[in-house]
Structures are given as structure tokens and as C-alpha cells.
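Novice: Once you've had a glance at the structure underneath, I'll fire off some questions.
Number of protein chains: 2
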Amino acid sequence: MPSHPKSKVSRPKSQKAYAAAGVDVDLGNAVKRGIQRLVRETHGPEVLGKIGGFGGLFRPDFRGMKEPVLVSSVDGVGTKLKIAFATGRHDTIGQDLVNHCIDDIAVVGARPLFFLDYLASATLEPAVFTQILKGFAKACKAGGCALIGGETAQMPGMYLPGEYDVAGTIVGVVDRAKMLDGSRVKKGDVLIGLASNGLHTNGYSLARKVLFDQLGLTPASKLEGVKGTLGDELLRVHKNYQPLMAGLPPRVLKAAAHITGGGLIDNLPRVLPSTLDARIDVGTWKVPAIFQHIGQAGKIDPVEMHQVFNMGIGMVLIVAEKDVAATLRHTRGAVIGRIVPGGRGVVRLEGL
Amino acid sequence: MPSHPKSKVSRPKSQKAYAAAGVDVDLGNAVKRGIQRLVRETHGPEVLGKIGGFGGLFRPDFRGMKEPVLVSSVDGVGTKLKIAFATGRHDTIGQDLVNHCIDDIAVVGARPLFFLDYLASATLEPAVFTQILKGFAKACKAGGCALIGGETAQMPGMYLPGEYDVAGTIVGVVDRAKMLDGSRVKKGDVLIGLASNGLHTNGYSLARKVLFDQLGLTPASKLEGVKGTLGDELLRVHKNYQPLMAGLPPRVLKAAAHITGGGLIDNLPRVLPSTLDARIDVGTWKVPAIFQHIGQAGKIDPVEMHQVFNMGIGMVLIVAEKDVAATLRHTRGAVIGRIVPGGRGVVRLEGL
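Residue numbers (this note's numbering), protein chains in the order written: chain A, 3 to 354; chain B, 3 to 354.
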């Protein structure tokens with residue numbers, strides 16, 4: 003977290019006018035200090051002690067790399083936030099965001115180095131903010147990623163009471179020669195789908211419209227085939243696939259696609275050579291019940307379902323036929339399709 | 003900008019259900035494509051061609067550096083956004099954010115490498131978003147910083163119509179031996195203040211309360227001593243001081259403090275050794291009229307004014323007495339104070 007490590011300044015006891023305008027500087031600092039221990043636990047030897055707190059300092063260890071490439075990505079969690087607001091559970095959102103960002107850079111073969119968060123609200127509720135920041139710290143620690151900076155913005159009149167927005171930026175590294183760029187993808191290669199943990203962070207505006215507005219459900223509702231409450235299901239944490247992917251033998255992974263907004267249909271073509279298509283057999287994995295409920299109740303076209311939601315597949319790996327067995331053993335994924343000649347670099351969904 | 007470089011997928015013509023839920027995927031992509039040229043103009047040879055668009059790829063050139071340290075920072079522009087909303091001028095906000103971030107890492111001696119933006123709203127208004135993104139691109143190009151990634155989030159029900167929030171993350175680099183850490187600051191060193199360009203990005207909640215709510219002014223109002231309209235004044239772009247600072251002879255700059263939220267009182271102590279104080283004579287520079295209007299009309303304690311606003315000083319440099327003349331010539335700054343023994347690492351304002 004950023005901040006003011008030295009507060010021993012000759013200032014008035016309280017900032018009366020600023021507080022009256024809705025900004026509580028002391029409270030913000032107190033929340034940040036409260037989670038300093040958690041943040042420090044994410045710091046390895048590459049993180050240098052702070053100087054003044056203006057910027058995070060990271061001395062990267064690029065030993066063993068010939069040509070380090072920094073891979074960065076920024077994201078939010080969309081209206082999954084509305085589920086956190088409705089349930090009062092704020093400890094998962096930060097984990098969603100960190101894991102989403104890690105997956106976004108893992109698809110080019112990068113490992114995470116550091117993460118910075120942005121957290122904005124109208125007024126700062128210490129208990130809520132502490133929960134959110136704990137989520138960031140928890141996922142950063144689990145993902146081997148230093149939580150090196152953050153901004154906690156108080157913007158009176160910009161957000162509804164009790165609401166907030168979060169954004170996160172990750173920076174990772176990959177040796178250029180090991181960068182996954184899809185160039186080794188060939189006809190006959192196999193698509194291996196790794197199971198998602200629910201909706202992850204995409205499609206929530208549509209899911210909420212169908213489940214809450216149309217069906218009149220609440221986060222406490224139970225749905226057939228869905229474990230726990232609807233709130234539990236909709237808050238399940240976005241999976242971090244990077245450790246699994248990094249654990250594959252060298253050069254086995256030819257390409258990978260993180261299935262986010264746009265689903266299989268929009269995300270897989272990003273890593274396909276333009277001369278090849280991906281043929282996916284949608285009968286090869288069990289679509290989780292939550293997606294079936296949304297699709298049926300919302301009378302949503304099955305193709306659109308596969309373009310808005312991950313439909314149970316959070317990451318797709320592309321490997322050679324000879325490496326399929328080893329990859330399945332290591333990842334517990336499923337063969338969901340194959341690379342076929344086609345010449346348009348598109349996804350063909352079979353069996354809808 | 004991130005995105006979907008290959009849209010040639012077998013998908014339905016429009017995403018009917020998703021659009022009905024308030025998310026227009028095609029429009030978002032169109033806006034991003036529209037500014038691709040501007041974004042590419044910020045890219046030097048260190049930016050590698052995109053792979054799938056999941057992450058930005060930057061191959062840093064650290065030649066000549068012994069121990070490169072990555073310096074990162076994340077920020078927003080606070081409720082300065084409300085001035086953009088009120089005036090309908092959205093081309094400056096992105097510049098504010100980029101320059102603010104550059105200044106935050108310049109204080110440890112870092113030069114910017116790349117920047118990522120986050121832009122969230124309820125609905126995507128193409129003309130507005132194009133303006134905002136142009137602001138990012140303009141300041142990145144001027145600051146020698148690659149605009150390497152971004153997220154444009156549509157969150158129905160989270161933001162008011164016509165409103166949005168922005169956040170930005172910067173990553174820069176400094177050779178560890180050249181890092182400014184305040185350790186060379188000594189008794190008798192001189193504080194040189196560099197003029198700000200108005201409020202920059204801090205204190206807007208209080209400024210708006212006094213100027214608009216209490217005084218009943220509008221962005222079209224004229225104020226004595228203020229050039230242009232009040233809207234013009236409140237939208238003036240946060241200055242980028244990094245080129246000036248980088249242009250000083252080696253080792254002249256001992257420390258620097260970016261005067262943001264917390265003003266001189268909270269920001270300068272961040273870089274002071276705990277055995278020394280900073281004595282600032284507030285009569286040594288002309289406080290711009292806008293701050294005088296806010297302070298007088300709001301009946302705000304002068305100390306609090308110096309803790310909420312920059313009061314006309316956007317950056318403070320600390321240099322040895324012998325280097326003062328050269329620094330003033332190069333930066334056109336003003337001597338505003340001196341480092342004195344004191345033992346608390348605080349700012350003492352004289353002449354209030």
C-alpha cells in the first residue's frame with residue numbers, strides 16, 4: 003500500500019474542512035497501516051524498502067534469462083462487485099482480481115512479479131476495506147506476487163454508499179525465447195480445457211439480470227445442481243492457473259487462452275494462427291448447472307452463452323497429441339477439441 | 003489498449019441478451035480500434051507486437067544500468083472528474099493521470115517505461131471515451147512512456163449516466179546507485195519549489211464544496227486573479243516535472259517530493275531524514291489566486307490549506323547550497339526553504 007509512513011508532522015489534529023467535504027485522511031491511513039503485515043508477507047527479497055512511499059520498488063532477479071520481457075495487464079472484476087455488495091462478503095473480490103490478472107499474463111508464459119491495486123469508494127468503511135485488501139494480499143501471497151502498491155481513493159458523490167470499484171495491474175516476466183505466441187500451434191494439436199470455478203469474473207451483468215431481475219432470486223436462494231447458496235456460487239474465486247501451467251515440462255505448452263469476457267468464441271482465436279481453426283466439441287465437458295440455469299431462464303442463444311460466459315472452462319491449453327496424456331495427468335483437464343485446418347483463425351463450436 | 007485483434011469469429015451478429023443487460027461489446031471494441039494509431043505512437047522499440055492481447059509486452063533496455071530497479075505507482079484523479087463531467091471536457095483527465103503517475107516515480111529518480119489505464123463507466127459513450135483515451139495517449143507520448151495496456155469496463159448500475167472513473171498504473175526504472183532516497187540530504191540544503199499548474203489532482207472535494215456549494219459558482223464563472231473561467235482553472239493539467247528533473251546534472255538532486263494529497267506538510271517529510279526538519283517560508287512564492295479564493299470563502303485554517311492543496315508548489319527539489327543557482331536556472335523554480343536541524347523529520351511552515 004502506498005501512503006505516509008511518517009505521520010509525525012506538525013499538522014492540525016483533524017482536517018476539519020476536508021472531513022466535512024467527505025474525505026477522512028486519517029481513517030484511510032489507519033486502514034492501510036492495519037494490513038501492513040499482510041502486505042509485507044507478499045514481499046520477497048526483490049522488493050526494496052520503501053522510499054517515501056511514492057512508488058513501489060522492485061529489483062527484479064532476471065538471472066537465467068537471456069532476454070526478459072515484462073508482461074503487464076490491468077483489469078477489474080466488473081459487476082461481480084454487486085454480488086459482494088449484496089452479500090456483504092468482501093474478502094473474495096481481491097482474490098478474483100489478482101488471479102484474473104495472473105492468468106492474463108500466464109497465457110504468454112509469464113510468471114507474476116508484482117501487483118498494484120486501485121480501490122475507490124465514496125466513503126471509506128474500514129471493515130470492508132480491510133476485507134478487500136486482505137483478499138489482494140492473500141491471492142498475491144498464494145500466487146508468488148508482491149503486492150507492491152495501491153491507491154485507496156475516497157470520492158464523495160462518485161459511488162453509492164456501501165459500493166466501491168476495484169482495479170488491479172500486474173507485471174510479470176517471461177524469457178523471450180520461451181514466450182508463448184501460438185507460432186508452434188499445428189493442425190492436429192489438442193485443446194485441453196481446465197475447469198473454471200463458476201463464472202469467474204465475466205458475464206455478471208447478464209447473470210444478475212436473469213437470476214435476480216427475471217427469476218426474482220436472491221443471494222440466499224438455492225438452485226438445483228448448485229452447491230451452497232446462489233451467493234456462494236456467484237462469489238466463487240477466479241482460479242489461478244499459472245502454477246499448473248508453469249509445472250508442465252518445457253515446451254509442452256504451445257499456446258494458452260484465458261477464457262474471460264468473450265468466452266471460448268472470442269478468446270481462443272487470440273492465440274490461433276490465422277490459417278487454422280479450433281474445433282470444440284461442447285459435449286466433452288459438463289457445463290456447470292449455474293450456466294444452464296442462466297441460459298434456460300434467460301432464453302439466451304447457446305452461441306451467445308459461449309461468448310459471454312466461460313461455460314465451465316477457465317483456461318484452454320494447446321498441446322501436441324503426444325503430450326496430451328501427460329498434460330491431462332498434471333492438470334486434470336479434459337480434451338475439449340482439436341486444431342483443424344480452416345484458414346480463418348476462428349472457433350467452431352460443435353454439438354450445440 | 004487491450005482487446006480482441008481478431009474479431010473474425012463465428013458469432014451471432016449482435017449479442018442481444020448481453021446488450022439488453024447494458025453491455026455493448028462491439029461498441030467497446032470500436033472505440034479501442036479508433037485510437038489504435040494514437041496508442042501506437044507511444045510505442046518505441048521496447049514494445050513488442052501483441053500476442054493475443056491478453057498482456058502488454060515490453061522488452062526493457064537496461065543497458066548502462068548496473069542494478070535496474072522497477073518503480074511502480076498507481077493512482078486516480080479523484081473528484082477532478084466531476085469538473086470534467088460538469089464541463090463536458092474529457093481530454094485533460096488522462097493527461098492528469100499520466101503526469102501524476104510519472105511525477106510519483108520521478109521523485110526516486112525513475113524514468114517512465116510504460117503505463118496502463120483503467121476506465122470504468124455504466125455505459126460506453128464513444129465520443130467521451132475517445133477523448134479520455136486521447137488524453138492518455140497524448141501525455142504518454144509527451145512523457146516518453148508506452149501506453150501498453152488498458153481496460154475499458156462497462157458496469158451497468160455502478161456509475162451514474164455520463165460519469166466514469168479512471169485509474170492508471172505506471173512502471174519506470176532507475177539504476178539502484180542513482181536512486182534518490184534522501185540519504186544525502188544535509189543541514190543547510192535548500193528547498194526549491196517548482197510551480198504547479200493549479201490544483202493538479204488534489205483537494206477537489208473540498209474545492210468543489212466551497213466554490214460550487216457554498217459560493218454558488220459554476221464552471222463558467224470568472225474569479226478575480228484567475229485566468230479564464232473557473233472550469234478552465236480547475237481543469238488545468240497536472241504538470242510532468244520528470245524531464246526537468248532528469249535534465250539536472252548528475253547527483254545535483256538529493257531528494258524530491260511530489261506535492262499531492264497531504265500537501266507540503268505530508269509529502270515533504272516522506273523524503274526527510276528523521277533527524278532533520280524542513281523549514282518553509284510561505285512568503286517566498288505567490289500562492290495562486292484560486293487557493294486564496296478557496297481558503298477565504300471556506301474559512302479554512304491556513305495549515306489545513308497547506309495539507310489539502312499544493313498551494314502553487316507541485317514539486318519540491320532538495321539540493322546543496324552550491325547547486326542552487328544552476329538548479330534555479332534550469333528549472334525556473336524558487337527557493338522556498340531550507341533543511342534545518344530539528345530531529346523530527348517534519349515540515350515547519352513559517353510566515354503563515
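Ideal Cβ positions, reconstructed from N, Cα and C, are used throughout, including at glycine.
Suppose only complete runs of 3+ residues qualify. What are the beta strand (DSSP E) ranges in the segment 122-208 of chain B, listed by chain order?
Specialist: Whole beta strand (DSSP E) segments, 3+ residues: 148-156, 166-177 and 192-197.
Novice: Assess contact between the segment 117-128 of chain A and the segment 215-224 of chain A, defined as three or more Cβ pairs (one per stretch) separated by less than 8 Å. Is contact present?
Specialist: Short answer: they don't touch.
Novice: Only counting the same chain, and skipping five residues up and downstream in sequence, which positions put a Cβ closer than 7 Å to that of F293 of chain A?
Specialist: For the purposes of this step, residue 293 of chain A is taken as the residue at position 291 of the first sequence. Closer than 7 Å at Cβ, skipping near neighbours: M307, F311, M313 and G314.
Novice: So that I know if they touch, is there some Cβ in chain B lying closer than 9 Å to that of A86 of chain A?
Specialist: Here residue 86 of chain A is taken as the residue at index 84 of the first sequence, counted from 1. No, no contact with chain B.
Novice: Closest to Q133 of chain B by C-alpha separation, out of B:A155, B:G90 and B:T171, would be which residue?
Specialist: To locate residue 133 of chain B, count along the second sequence from 1; it is residue 131. Measuring from the Cα of Q133 of chain B, the nearest candidate turns out to be B:G90.
Novice: Here's the rule I'm using: 16 or more other beta-carbon atoms within 10 Å means buried, otherwise exposed. How should L118 of chain A be labelled?
Specialist: For the purposes of this step, residue 118 of chain A is identified with residue 116 of the first sequence, where counting begins at 1. Buried is the call here.
Novice: Give the interface partners of M157 of chain B over in chain A, defined as CB-CB distance under 7 Å, in chain order.
Specialist: By one-based count along the second sequence, residue 157 of chain B stands at place 155. Neighbours of M157 of chain B on chain A, chain order: G80 and T81.
Novice: Measuring CB to CB, does V33 of chain A end up less than 9 Å from T154 of chain A?
Specialist: Residue mapping note: residue 33 of chain A aligns to position 31 of the first sequence, counting from 1. Residue mapping note: residue 154 of chain A aligns to position 152 of the first sequence, counting from 1. Going by C-beta atoms, V33 of chain A is nearer than 9 Å to T154 of chain A.
Novice: Which of the three DSSP states, helix, strand or coil, is assigned to Y120 of chain A?
Specialist: The sequence position of residue 120 of chain A within the first sequence is 118, counting from 1. The answer is strand: DSSP assigns Y120 of chain A an E or B state.
Novice: Tell me, please, which residues DSSP counts as bridged to D283 of chain B.
Specialist: Here residue 283 of chain B refers to the residue found at position 281 when the second sequence is read from its first residue. In the DSSP output, where bridge partners are listed per residue, D283 of chain B has B:E352.
Novice: Is any beta-carbon of chain A found at less than 9 Å from that of A19 of chain B?
Specialist: The residue given as residue 19 of chain B occupies position 17 in the second sequence. Closer than 9 Å: yes.
Novice: DSSP state of V40 of chain B, grouped into three classes?
Specialist: On the second sequence, residue 40 of chain B is found 38 positions in, with the first residue counted as 1. The sequence shown places Leu at residue 40 of chain B, rather than the Val named in the question. Three-state result, L40 of chain B: helix.
Novice: Beta-carbon within less than 6 Å of M67 of chain B's beta-carbon, same chain only, minus the 5 sequence neighbours each way: which residues are those?
Specialist: Along the second sequence, one-based indexing puts residue 67 of chain B at 65. Hits under 6 Å: D177.
Novice: Could you tell me whether any Cβ in chain B is nearer than 9 Å to the Cβ of P62 of chain A?
Specialist: Here residue 62 of chain A is taken as the residue at index 60 of the first sequence, counted from 1. Yes, because at least one Cβ of chain B sits closer than 9 Å to the Cβ of P62 of chain A.
Novice: Between the segment 89-113 of chain A and chain B, which residues of the former have a C-beta closer than 8 Å to a C-beta of the latter?
Specialist: Flagged, chain order: D106, I107, V109, V110 and A112.
Novice: If A141 of chain B and D77 of chain B are in contact, beta carbons under 8 Å, what's the gap, nearest whole angstrom?
Specialist: Position 139 of the second sequence holds residue 141 of chain B. Position 75 of the second sequence holds residue 77 of chain B. Their Cβ separation, rounded to whole angstroms, is 13 Å, which puts A141 of chain B and D77 of chain B out of contact at 8 Å.
Novice: I want to see whether chain A comes within less than 9 Å of P47 of chain B, judged by CB atoms only; does it?
Specialist: The residue given as residue 47 of chain B occupies position 45 in the second sequence. With 9 Å as the cut-off, P47 of chain B does not count as an interface residue toward chain A.
Novice: With DSSP collapsed to three states, give me the class of L50 of chain B.
Specialist: As a first step, residue 50 of chain B is located in the second sequence; it is residue number 48 there, counting from the start. Three-state result, L50 of chain B: coil.
Novice: The segment 121-144 of chain A: which residues have C-beta closer than 8 Å to a C-beta of chain B, in chain order?
Specialist: Under the 8 Å Cβ criterion, the segment 121-144 of chain A contributes A122.
Novice: Is P252 of chain A closer than 9 Å to V175 of chain A when the C-beta atoms are compared?
Specialist: Within the first sequence, numbered from 1, the residue matching residue 175 of chain A stands at position 173. Within the first sequence, numbered from 1, the residue matching residue 252 of chain A stands at position 250. Going by C-beta atoms, V175 of chain A is not nearer than 9 Å to P252 of chain A.
Novice: Under the three-state reduction of DSSP, which class applies to L255 of chain B: helix, strand or coil?
Specialist: Against the second sequence, residue 255 of chain B aligns to sequence position 253. In the structure shown, L255 of chain B sits in coil (DSSP, three-state: anything other than H, G, I, E or B).
Novice: Could one say the Cβ of F293 of chain B lies closer than 9 Å to chain A's Cβ atoms, at least one of them?
Specialist: Taking the first residue of the second sequence as 1, we reach residue 293 of chain B at position 291. Answer no: the Cβ-Cβ gap between F293 of chain B and chain A never drops below 9 Å.
Novice: Along the alpha helix (DSSP H) that carries P304 of chain B, what are the first and last residues, could you check?
Specialist: As a working note, residue 304 of chain B is residue 302 in the second sequence. That run of the alpha helix (DSSP H) goes P304 to V310.
Novice: Pull the bridge partners of A336 of chain B from the DSSP assignment, please.
Specialist: Translated into the one-based positions of the second sequence, residue 336 of chain B becomes position 334. According to DSSP, which records beta bridges pairwise, A336 of chain B is partnered with B:G195.
Novice: Check whether the segment 203-222 of chain B and the segment 106-114 of chain B are in contact - that is, three or more C-beta pairs closer than 8 Å.
Specialist: Judged by Cβ distances under 8 Å, the segment 203-222 of chain B makes no contact with the segment 106-114 of chain B, as fewer than three pairs qualify.
Novice: In the DSSP assignment, what are the bridge partners of R113 of chain B?
Specialist: Translated into positions along the second sequence, residue 113 of chain B becomes position 111. Note: R113 of chain B sits in a beta bridge opposite B:V175.
Novice: Would you please verify whether the beta carbon of K211 of chain A is less than 9 Å from any beta carbon of chain B?
Specialist: Counting from one through the first sequence, the residue named residue 211 of chain A turns up at place 209. Closer than 9 Å: yes.
Novice: Give me, in chain order, the residues of the same chain whose beta-carbon lies closer than 8 Å to that of R350 of chain A; leave out the 5 immediate sequence neighbours on both sides.
Specialist: In the first sequence, counting from the first residue as 1, residue 350 of chain A sits at position 348. For R350 of chain A, where only same-chain residues beyond five positions count, the Cβ hits under 8 Å are D279, A280, R281, I282, V342 and G344.
Novice: Quick one, which residues of the segment 169-180 of chain B are near chain A if we go by CB-CB under 7 Å, in chain order?
Specialist: Those would be A169, T171, V173 and R178, in chain order.
Novice: From B:D183, B:L162, B:I95 and B:P158, pick the residue whose C-alpha is nearest to that of K276 of chain B; which is it?
Specialist: Taking the first residue of the second sequence as 1, we reach residue 276 of chain B at position 274. The sequence given here places Ser at residue 276 of chain B; Lys does not occur at that position. When each option's Cα is compared against that of S276 of chain B, the closest is B:D183.
Novice: Buried or exposed, going by whether 16 or more other CB atoms sit within 10 Å of the CB of Q97 of chain A?
Specialist: The count along the first sequence starts at 1 and reaches residue 97 of chain A at position 95. With 16 or more other Cβ atoms within 10 Å, it is buried.
Novice: How would you call K229 of chain A, buried or exposed, if buried means at least 16 neighbouring beta carbons within 10 angstroms?
Specialist: Start at 1 with the first residue of the first sequence, and residue 229 of chain A comes out as number 227. Per the 10 Å Cβ criterion, exposed.
Novice: Return helix, strand or coil for H260 of chain A, following the three-state DSSP convention.
Specialist: Within the first sequence, residue 260 of chain A is the residue found at index 258, counting from 1. Strand at H260 of chain A.
Novice: Taking all protein chains shown into account, decide if E235 of chain A is buried (16 or more other Cβ within 10 angstroms of its Cβ) or exposed.
Specialist: Locating residue 235 of chain A in the first sequence gives position 233, counting from the first residue. By the 10 Å Cβ count, E235 of chain A comes out buried.
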